[in-house]
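Participant:
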Amino acid sequence: QQQVKQSPQSLIVQKGGISIINCAYENTAFDYFPWYQQFPGKGPALLIAIRPDVSEKKEGRFTISFNKSAKQFSLHIMDSQPGDSATYFCAAIRTVGRAQKLVFGQGTRLTINP
Amino acid sequence: DTGVSQNPRHKITKRGQNVTFRCDPISEHNRLYWYRQTLGQGPEFLTYFQNEAQLEKSRLLSDRFSAERPKGSFSTLEIQRTEQGDSAMYLCASSFLELAGAFSYEQYFGPGTRLTVT
Chain C
76 QQQVKQSPQS LIVQKGGISI INCAYENTAF DYFPWYQQFP GKGPALLIAI RPDVSEKKEG
136 RFTISFNKSA KQFSLHIMDS QPGDSATYFC AAIRTVGRAQ KLVFGQGTRL TINP
Chain X
101 DTGVSQNPRH KITKRGQNVT FRCDPISEHN RLYWYRQTLG QGPEFLTYFQ NEAQLEKSRL
161 LSDRFSAERP KGSFSTLEIQ RTEQGDSAMY LCASSFLELA GAFSYEQYFG PGTRLTVT
């Protein structure tokens with residue numbers, strides 16, 4: 076059972092374009108939504124994150140849009156650069172007691188063409 | 101470098117052998133997590149520690165897997181009698197639980213140990 080569904084599986088964008096990756100979740104108990112960036116052979120690196128009481132968060136060229144009623148959130152990368160080529164994972168955290176369980180989406184392989 | 105470190109980075113072993121991985125979290129972090137990532141998939145939660153206490157284990161963690169964090173600092177993950185299906189990247193992450201009860205949601209990942217079972 077996939078608790079966080081991510082699309083598309085792969086994405087090709089021209090340099091300078093906008094990259095958009097979408098995620099949807101079912102469990103309303105999730106209370107934090109981070110995005111991770113992963114380069115080949117490396118561990119995931121935290122990119123940006125949002126709480127469900129906020130509709131948008133922007134950090135530099137990266138923006139998360141969050142729609143609580145639709146249970147959807149998305150990552151927008153503005154002015155995409157070849158160095159942004161990586162795999163991106165959306166995730167959701169559910170707090171159960173003192174435990175924080177991080178659930179990942181399936182990942183999106185992003186390629187930025189120069 | 102004050103990030104999460106993992107050793108070894110790569111491990112090739114024959115089916116049936118035992119392997120052990122080590123994770124050193126960020127020094128002030130009191131929570132440590134283990135995840136497994138197979139090719140083309142997102143990481144899957146295996147287990148987590150708060151200080152030295154192992155508070156939760158996933159159903160993915162069979163009896164052949166054991167994790168420890170004896171002094172609340174580094175952690176080890178051991179796989180006994182490895183199987184080809186154990187081939188994956190094993191990731192460690194850490195975070196900080198504040199004593200006042202508020203906590204940081206951010207988990208910081210290490211570079212992982214890639215295990216290949218032949």
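Protein chains in written order, with my numbering: chain C, 76 to 189; chain X, 101 to 218.
We treat Cβ as the ideally placed atom computed from N, Cα and C, and that holds for glycine.
Using a C-beta to C-beta distance shorter than 7 Å, which residues of chain C count as neighbours of E156 of chain X?
Facilitator: Within the second sequence, the letter at position 56 stands for residue 156 of chain X. Here the neighbours are A174.
Participant: State whether the region 89–106 of chain C contacts the region 104–122 of chain X, with contact taken as three or more CB pairs (one from each stretch) at a distance under 8 Å.
Facilitator: With a cut-off of 8 Å, the region 104–122 of chain X and the region 89–106 of chain C do not count as touching, because too few Cβ pairs lie within range.
Participant: Determine the extent of the beta strand (DSSP E) in which M189 of chain X is found, giving its start and end residues.
Facilitator: Counted from its first residue, the second sequence places residue 189 of chain X at position 89. 188–195 is the span of the beta strand (DSSP E), which, as asked, contains M189 of chain X.
Participant: Determine whether the beta carbon atoms of F174 of chain X and R131 of chain X lie at a separation below 8 Å.
Facilitator: Here residue 174 of chain X refers to the residue found at position 74 when the second sequence is read from its first residue. Here residue 131 of chain X refers to the residue found at position 31 when the second sequence is read from its first residue. Not closer than 8 Å, so no.
Participant: According to the Cβ coordinates, are I123 of chain C and W110 of chain C closer than 8 Å?
Facilitator: Here residue 123 of chain C refers to the residue found at position 48 of the first sequence. Here residue 110 of chain C refers to the residue found at position 35 of the first sequence. Yes, Cβ-Cβ distance for I123 of chain C and W110 of chain C is below 8 Å.
Participant: Quick check on L185 of chain C: buried or exposed, where buried means 16 or more other Cβ atoms within 10 Å of its Cβ?
Facilitator: Taking the first residue of the first sequence as position 1, residue 185 of chain C is located at position 110. Under this definition L185 of chain C is a buried residue.
Participant: What first and last residue would you give for the beta strand (DSSP E) that runs through H151 of chain C?
Facilitator: Within the first sequence, the letter at position 76 stands for residue 151 of chain C. Here the beta strand (DSSP E) through H151 of chain C covers 147–152.
Participant: Using a C-beta cutoff of 8 Å, does I168 of chain C count as contacting chain X?
Facilitator: In the first sequence, residue 168 of chain C corresponds to position 93, counting from 1. Chain X, which has a Cβ nearer than 8 Å to the Cβ of I168 of chain C, makes this yes.
Participant: So, helix, strand or coil for D106 of chain C, using DSSP?
Facilitator: As a working note, residue 106 of chain C is residue 31 in the first sequence. In the structure shown, D106 of chain C sits in a strand (DSSP, three-state: E or B).
Participant: Taking only beta-carbon atoms, is E206 of chain X less than 8 Å away from chain B?
Facilitator: Judged by its chain identifiers, the structure shown contains no chain B, and its protein chains are C and X.
Participant: Do you know how far the Cα of V119 of chain X is from the Cα of V88 of chain C?
Facilitator: Looking up residue 88 of chain C in the first sequence gives position 13. Looking up residue 119 of chain X in the second sequence gives position 19. Their backbone Cα atoms lie some 41 Å apart in a straight line.
Participant: Straight-line CA distance for L150 of chain C to A120 of chain C?
Facilitator: Within the first sequence, the letter at position 75 stands for residue 150 of chain C. Within the first sequence, the letter at position 45 stands for residue 120 of chain C. So the alpha carbons of these two residues sit roughly 15 Å apart.
Participant: Q81 of chain C and T162 of chain C - do their beta-carbons sit closer together than 8 Å?
Facilitator: On the first sequence, residue 162 of chain C is found 87 positions in, with the first residue counted as 1. On the first sequence, residue 81 of chain C is found 6 positions in, with the first residue counted as 1. Not in contact: T162 of chain C and Q81 of chain C (Cβ atoms no closer than 8 Å).
Participant: Of all the options X:Q180, X:C123, X:V104, which has the alpha carbon lying nearest to the alpha carbon of L161 of chain X?
Facilitator: Numbered from its first residue, the second sequence carries residue 161 of chain X at position 61. Cα-wise, what sits closest to L161 of chain X is X:Q180.
Participant: Could you check which residue in C:Q181, C:K117, C:M153 has the C-alpha nearest to that of K133 of chain C?
Facilitator: Residue 133 of chain C sits at position 58 when you count from the first residue of the first sequence. Comparing Cα positions, the closest option is C:M153.
Participant: Is it right to say A52 of chain C is buried, meaning 16 or more other beta carbons lie within 10 angstroms of its own, or is it exposed?
Facilitator: Because chain C is modelled from 76 through 189, residue 52 of chain C falls outside the range shown and cannot be assessed.
Participant: Measure from the alpha carbon of V129 of chain C to the alpha carbon of each residue in C:N188, C:P83, C:F148, then state which is nearest.
Facilitator: Looking up residue 129 of chain C in the first sequence gives position 54. With distances taken between Cα atoms, V129 of chain C lies closest to C:F148.
Participant: I126 of chain X: which of X:L215, X:C192, X:P143, X:A153 sits nearest, CA to CA?
Facilitator: In the second sequence, counting from the first residue as 1, residue 126 of chain X sits at position 26. Of X:L215, X:C192, X:P143, X:A153, the residue nearest in Cα terms is X:C192.
Participant: So, I168 of chain C versus Y107 of chain C, is the Cβ gap smaller than 8 Å?
Facilitator: The residue given as residue 168 of chain C occupies position 93 in the first sequence. The residue given as residue 107 of chain C occupies position 32 in the first sequence. Contact: yes.
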